[in-house]
Structures are given as structure tokens and as C-alpha cells.
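Student: One structure, as C-alpha cells, below. Some questions next.
In our numbering, the protein residues as written are 695 to 1506.
What follows is the structure, encoded as C-alpha cells:
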């Protein structure tokens, strides 16, 4: 039977039933919408006035002439804690402009100015402080926007909104703001150059606008336009900024050259000094389309990836941290599938494996990125565009074959391309398409094309979304996914149905956890929401989830249902508790299929008030299998101590203990030269002592420390061979090997960051990566006694990197 002959009635029938049930329930509960109120129906408007003479001096004092005459806006309302009520403290804002920039003054009156919380942190880490946020939608498309946030200590934070409410915190623009704390409260004064804002030229402008304020000690948040809790939307509800006319958006060129010096010190190896230079470029092709390029980039100041113990058949997914690939990445994203995973660019080389019979003398840890370019912005007619292209160099391993040393190609010269279009239509709906291409010299290429859409119905009460995709490598595959969401009312929910062909493969430039395995999956969840306070509960919801996955041969691979309760208490503690039940499934992740027994899952989370000096979070989880043997429990914690106004210390310890009756080991040949699929009983434990510390000496000068001591041990015994595929029956097998493991590592870096002028930064970095293991661990090395050795990671062999990097911003 071919894949095309496989019938789909069971999952399709199940998914359609769930879809019908969801629609029916949303209709049944649609009359219970009185508890939900839409944001302010009266459109608010603020006016900007032109500065005819001297622009204000940006110092936060607000004693310039323009602020004595500019119109005052003061009709803000509470969002937290008493939604819709008048604020406990008055706030006013004023807006002015000239030919070059937008100027905003915000006065935050406070009846107890000595209690204003002005926490000094590094840029983009404004938290547990009094702050003001200026939100602008220069395109006035009700879908995109940007925010400029400043806390009372003068720390800046900025970012962009995509698709109405998705926040992208990676955007860093060059703008100014200064604050002043006085006996009436505190003030902030903004200067936003027009080159920071993307907008098309017009005679007169109308922009989206909202202004928000946080009073930290009262846990109070207020805003000019109220965006109510549990409303799915943001930019679409903003008010209007009017009065701006006779200005021209500039085509701005930014050059950011860098120079770097680095020394690598490894155990028993001589020092390895290295210097490098490169260039980042940003150019406004049009007023609403910008080009970013990087030549010979270096990301030495980026934090290291965390260590993890992976006993599954799937690769780990790590967060992108490199600024060029992080900034503006939202245009390339899809909420359901990672068709573009930028960590593929510059990955560890290994397209061509080194022959096993040769000795490897050395090979690079990462592929060199020669250059990359990115174009993004908005075309006329409400069309969003994103293009990214990157080229990586060929990489070689140094090998020794006999007496001969030579270079062996392990990664070819490669070009990576991503193209994205999104066409807005209606009220905050869109349809889009994306193409990814990986072209290698003298090696196989890979392509993926997809179309996706978000159609908001009945003023965003419902959302119909989906994706259809095709891939082409050696084979051709397809993907289909359709989803419906209910976003308003007391009862909300979602259901989706997806079909993925076994040959649909996007791993070359995407992240696909199960490539080569087709699937049909259907997931439905409901939430019963309580928006108003009750007893000790400020807000919360009860949720239910049902998931059914099959592979392409209609074998169930995941059948799971869960019930959870989530909420925020009146003392601003928050958390959830969840209980779930999995049904017997098939594990198709290995060379042979086995039964995965049913089991129970219990997890939770509890966090104390995040605005307090000390915040504690606990995240326990526990699972147990019906096989009567396997179980897992894990306890993670977050402890954050905000010492003085400029010091933050964080400890993120975690401990896990996993017992598995049938942990995959390998495939071996028996005496009859037949494949035997070997499993073992595994008792494994991990401990992670991630530590972070931050000291800010000024808004533009900070020091961060990150350390992760990590230890993982595993005790294998009672090896066994699978009796027959698609069973959970085993027979004893003498593997003749010791598979026990005791691994530890220490990863960390320390970064001194000085932004000595806007956009220009000096980094002084120390990074280290240490690792150790025991080849034949004893019994005391495989249980909790081993954790006393975690401090040995500080003396294990490894590498130290010392780096100084200078970037200099030139605005032309």
C-alpha cells in the first residue's frame, strides 16, 4: 500500500467532530459575553504641535517653551489593578514635532515621590520600576507599531509589534530620552528621530498612539487607551495622533563598523590570539523599507547555549541570540511551524562526515558566515515584505591518514535564502507566503514553499487560520493545517487539524522535530475565563485540552488529555496546576516501533509577586507510567533578588530524576547476524545550578555574569532486546558493555557593556566552556552522592576566551 492509498477517515472524522463540538459550544456560550467588554469605543485623539524655533533640550526637566503651550492629554485609565477605574496618580503627556524628530513630554505626578522606584538596569531590561511607554503606529495600519519605554532611572527599552499584538523585543533603535525626579513626581522627555520610524510620505499624517505608565509600588498600570485584560489585540485599539504635516521621512544610512581582538586559552595548549573586523549596514531604501547587511559578522559577546541531557531521538532546539538574526525576525515566523530556524546559518559543520578510518586532528565548531543581508518593510497596498540571504564558507577538517595530513571538506559553500510576503486585508486579517532555499556547491539543495493566512471574523471573535506547504529535497512532500479559534466571551478555545506527508522535510533551514515521519494530528482546547475578582482570585481560567496524533499509517503516536487551572491571586502571586492522562501509543522515533504505555502527568507553577525585592518561583512536575516501573519528577526554581537599585542576582536551580524501564540503547547484530533492538533500565539524574548576576553603573554601563554548572549521571542495568515490533515485550540480553555515564560541564560568560554614545558600544567579554566525564563511573558516581562533585566543573579541562569588541555607530 502506498502513502497515497492510506485511508484517513478515523483522524479526519475525529477532528471534524471536535471542530463541530467547538463551534457548537462557542454558540451555546456566546450569550455569556457580558463579562467581556471591548476596549474603549470612543476614539481618542491627541494633537502634535510644530516647533517653530528651537527644539527642546532633552534633559527631562520640561522647562522649554514648547511644553508651556503644547496641548495637554491627561485622560488615562487603570488597566491594573482596577480595570477601567481612574488612576490613583495623575499623568499628562504632550507632543511636538519639527522637520527632524518627534518630541514627547510625560509628567508623572506622584503624591509620594520618595517612593518612586527607579531601578538601574541595562538597556532593554526594564522591570520592577516605575516606567512610561510611548507606543506609535506610523503606518497607521492597525497591525504594526513600536514602543519606546523609559523607566524613572532613564533606562531605555524598545521593540516592535507585529500582527497586532506579537511583541518583538529585539529591535534596538537610536533615540533619546532623559528623566528627572522632582518633588511632584518624575518626568520623561523623548526625542524620536524620523529615521527610526518607518512611514510613507503624505501631506498630513495620522498615526496610531497609546501612552502607558507603571506605578510599581502600587502594582498599578494605566494607559491612555485601555486595552482590557484577556483581549486578543493591541495596536488595532490605539487612539490617533494628528497634527503632523509637511515633513518628509528620510532615507537614512547607518554604518556600524566593528573591530575585535580575541585570545583563546585551552588546557595544555598555547595561547591563540586572533583579530577581526567587520561592518553592519542599515539603509532606508524607501521611507518604509529598510536594508540590513552584515559583512564578516562576529557574535563573540553572545551568551552561550545551556547544557542539556537529551535521551530522545530528536535534536535540541536552542534560542537564537545573534543580533542580526534576532532583530526583525517576526516577519519570517509562523506560529505553528518553524520553517525558518536561523540557527542553521553558521551551524556546526558536518554535511560530509569524516571517514571513520582516519584520525581527526581538528575541525571548526561553527561555519563561518561571510555575509548576510536582510530587507524588510511595507509596500504600498498593505503588503509586508521580508527577504534574508546569507552565504557561509566551505569548512574543512584537518585529518591524518597514515603519515599524510590533509584537509577534508565537511561543509560546502552554501547560500541560504528566505523570502516572505504578507498581504493585509479586512480588519487585521492577512494572507501570506514564504519561500526558503538552501543551495550548496556540489551537494544537494533544499526548497520549501508555503502559503498561510489569518482571517479574523466578527470583529476578532473568531479566527480562521491555516498553512499549506510543499518541500523539495530528494523527495517532495506536503503539509496542510487548518485551525479555528474563539477569542471572545467567557468560553474560548481552539481546534486544529493537520496532515504532514512523510516526505515533507524542512530541516535544512527549519526546525522539524520529526522529519521523515508523516503525521495527522488534531488538538482541541477550551478555556473558561474569569476576568473579574472573586474571593482571593484576581483573574484566572480553567482549561481542558484533547490531543490526538497519528503517523501516516494511522498508528496513534500521541493521545493525551489534560485539565488545568491558572490564575493570579489578589497578592499578585500567580501560578497554575495541571493534571493529564496519556493513552497507550506507538513510539515511532527509533529504528523499530514499540508501544509507549499510558501514564499520568502532574505539573504546576507558583510565582510570588514579581515586583517585590525577592521573587521566588517553583515549577514541579511528576509523571508515572502504567508499566509500573517508569517515572520522572523534576523541580525547578527561579530565585531573583533585587538588592540595591542597580543590582540583580538570580539563581535557577533544577533537579530531575528519571527512571525508565525501556530506554533506547542501540541496534546490534546477534550471532545469527540479525538486528536486535536493545533497551535498558535507566536511572538518570541531573542537576543544574544556573546563576545570573547584573550590576548597572549607569543606564549605558553594565556588567552581566552567567554561569551554568551542570551534571548528568545515568546508571544502566538489565539490558534487554525487543521481542517483536509494535510490542512492549523484551527478553534479557547480554550487551557486554558498560553504558553508565557521568558527565559534567561549566558554561559561562561575563560581559562588560558600555554604550559610550547612542548606538556605539564597547564589549569586554570573558567566556569559558569546561567539561569532564568519568569513563568507568563507580556506584557513588551515579546517584545523588555524585552531586557533591558538581564544583569539580570549575577545575575541569576546557577553554577560556577573552574578547574586546568595539562597535561604532555612524548616522549619515
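Virtual Cβ for every residue (Gly too), placed ideally from N, Cα, C.
Per DSSP, what kind of secondary structure is residue 1198 in: helix, strand or coil?
Tutor: Coil at residue 1198, not helix or strand.
Student: Please give me, in chain order, every unbroken run of the alpha helix (DSSP H) with length at least 4 that falls completely inside the region 1134-1167.
Tutor: Whole alpha helix (DSSP H) segments, 4+ residues: zero.
Student: Hey, how far is the Cα of residue 1393 from the Cα of residue 847?
Tutor: For residue 1393 and residue 847, the distance between alpha carbons rounds to 7 Å.
Student: Taking the straight line between their C-alpha atoms, what separation do you get for residue 1219 and residue 1265?
Tutor: Near 29 Å, if we compare the C-alpha coordinates of residue 1265 and residue 1219.
Student: Judging by CA-CA distance, which residue of 1069, 977, 859 and 958 is the nearest neighbour of residue 921?
Tutor: It is 859.
Student: Count the other C-beta atoms from every protein chain shown that fall within 10 angstroms of the C-beta of residue 1105, then say buried if there are 16 or more, exposed otherwise.
Tutor: Residue 1105 is buried by the Cβ-count criterion.
Student: Nearest to residue 1243 by alpha carbon, out of 947, 1352 and 1190?
Tutor: Minimum Cα distance to residue 1243 is reached at 1190.
Student: Pick helix, strand or coil for residue 934, following the three-state DSSP scheme.
Tutor: Three-state DSSP puts residue 934 in a strand.
Student: Check each candidate in 1376, 1377 and 1341 and name the one with the smallest Cα separation from residue 1391.
Tutor: Here the closest residue by C-alpha is 1341.
Student: Residue 1081: which of 1017, 983 and 1056 sits nearest, CA to CA?
Tutor: Here the closest residue by C-alpha is 983.
Student: Restricting to Cα atoms, I'd like to know which of 1389, 1286 and 1467 is closest to residue 1408.
Tutor: With distances taken between Cα atoms, residue 1408 lies closest to 1467.
Student: Given a cut-off of 9 Å, decide if residue 1298 and residue 1314 are closer than it, judged by their beta-carbon atoms.
Tutor: Yes, they are a contact pair.
Student: Less than 6 Å between C-beta atoms, sequence neighbours within five positions excluded: which residues of the same chain meet that for residue 1398?
Tutor: Here the set comprises 1388 and 1445.
Student: Which residues does DSSP pair with residue 1369 in a beta bridge?
Tutor: Residue 1369 pairs with 1363.
Student: Taking contact to mean at least 3 C-beta pairs separated by less than 8 Å, is the region 1479-1488 in contact with the region 1408-1419?
Tutor: Because the criterion of three Cβ pairs below 8 Å is not met, the region 1479-1488 and the region 1408-1419 do not touch.
Student: Please report the Cβ distance between residue 1381 and residue 1481, rounded to the nearest whole angstrom; I am assuming they are in contact, meaning their Cβ atoms lie under 8 Å.
Tutor: The pair is a contact, with the Cβ atoms about 5 Å apart (cut-off 8 Å).
Student: Our contact map puts residue 929 next to residue 831 with C-beta atoms below 8 Å; I'd like the distance itself, whole angstroms only.
Tutor: That belief holds up - the Cβ atoms of residue 929 and residue 831 are roughly 6 Å apart, short of 8 Å.
Student: If contacts are defined as beta-carbon pairs under 8 Å, then residue 1439 and residue 1400 qualify, I think. What distance do you get, rounded to the angstrom?
Tutor: That pair is no contact at about 14 Å.
Student: Based on DSSP bridge pairs, tell me the residues matched to residue 1250.
Tutor: Beta-bridge pairing links residue 1250 to 1244.
Student: Could you give the residue range of the beta strand (DSSP E) that holds residue 901?
Tutor: Here the beta strand (DSSP E) through residue 901 covers 898-909.
Student: By DSSP's criteria, residue 876 is part of a beta bridge. Which residues make up the other side?
Tutor: Paired residue(s): 879.
Student: Since residue 676 is in the alpha helix (DSSP H), which residue starts that stretch and which ends it?
Tutor: The structure shown has nothing for residue 676, since the chain only spans 695 to 1506.
Student: For residue 1434 versus residue 1413, is the C-beta distance shorter than 9 Å?
Tutor: No; because the gap between Cβ atoms is not below 9 Å, this pair is not in contact.
Student: Along the chain, where does the beta strand (DSSP E) that runs through residue 951 open and close?
Tutor: 947-960 is the extent of the beta strand (DSSP E) around residue 951.
Student: Once DSSP output is grouped into helix, strand and coil, what is the label at residue 1057?
Tutor: If DSSP states are grouped into helix, strand and coil, residue 1057 belongs with coil.
Student: If I follow the unbroken beta strand (DSSP E) through residue 762, where does it start and stop?
Tutor: Here residue 762 belongs to no beta strand (DSSP E); instead the alpha helix (DSSP H) covers 760-763.
Student: Going by C-alpha to C-alpha distance, which of 1365, 1030 and 1201 sits closest to residue 1192?
Tutor: For residue 1192, the nearest C-alpha among the options comes from 1030.
Student: By how many angstroms is the C-alpha of residue 986 removed from the C-alpha of residue 1475?
Tutor: Looking at the two C-alpha atoms, the distance is approximately 51 Å.
Student: Since residue 1184 contacts residue 1223 with CB under 8 Å, what's their CB separation in whole angstroms?
Tutor: Confirmed, about 6 Å.
Student: Please report the straight-line C-alpha distance between residue 746 and residue 1304, rounded to a whole angstrom.
Tutor: The alpha-carbon atoms of residue 746 and residue 1304 are separated by roughly 45 Å.
Student: Could you check the C-alpha separation between residue 1206 and residue 742 for me, to the nearest Å?
Tutor: Their backbone Cα atoms lie some 49 Å apart in a straight line.
Student: Can you name the start and end residues of the beta strand (DSSP E) that residue 944 belongs to?
Tutor: Careful: residue 944 lies outside any beta strand (DSSP E) and carries neither H nor E.
Student: Enumerate in chain order the residues of its own chain whose CB-to-CB distance from residue 861 is below 7 Å, with the five nearest sequence positions on each side excluded.
Tutor: Result list for residue 861: 853 and 855, in chain order.
Student: Please report how far the alpha carbon of residue 1464 lies from the alpha carbon of residue 962, in whole angstroms.
Tutor: One C-alpha to the other measures close to 14 Å.
Student: Do the CB positions of residue 1110 and residue 1129 come within less than 9 Å of each other?
Tutor: Contact flag unset, no.
Student: What is the rounded straight-line gap between the Cα of residue 1492 and the Cα of residue 964?
Tutor: Cα-Cα distance, rounded: 13 Å.
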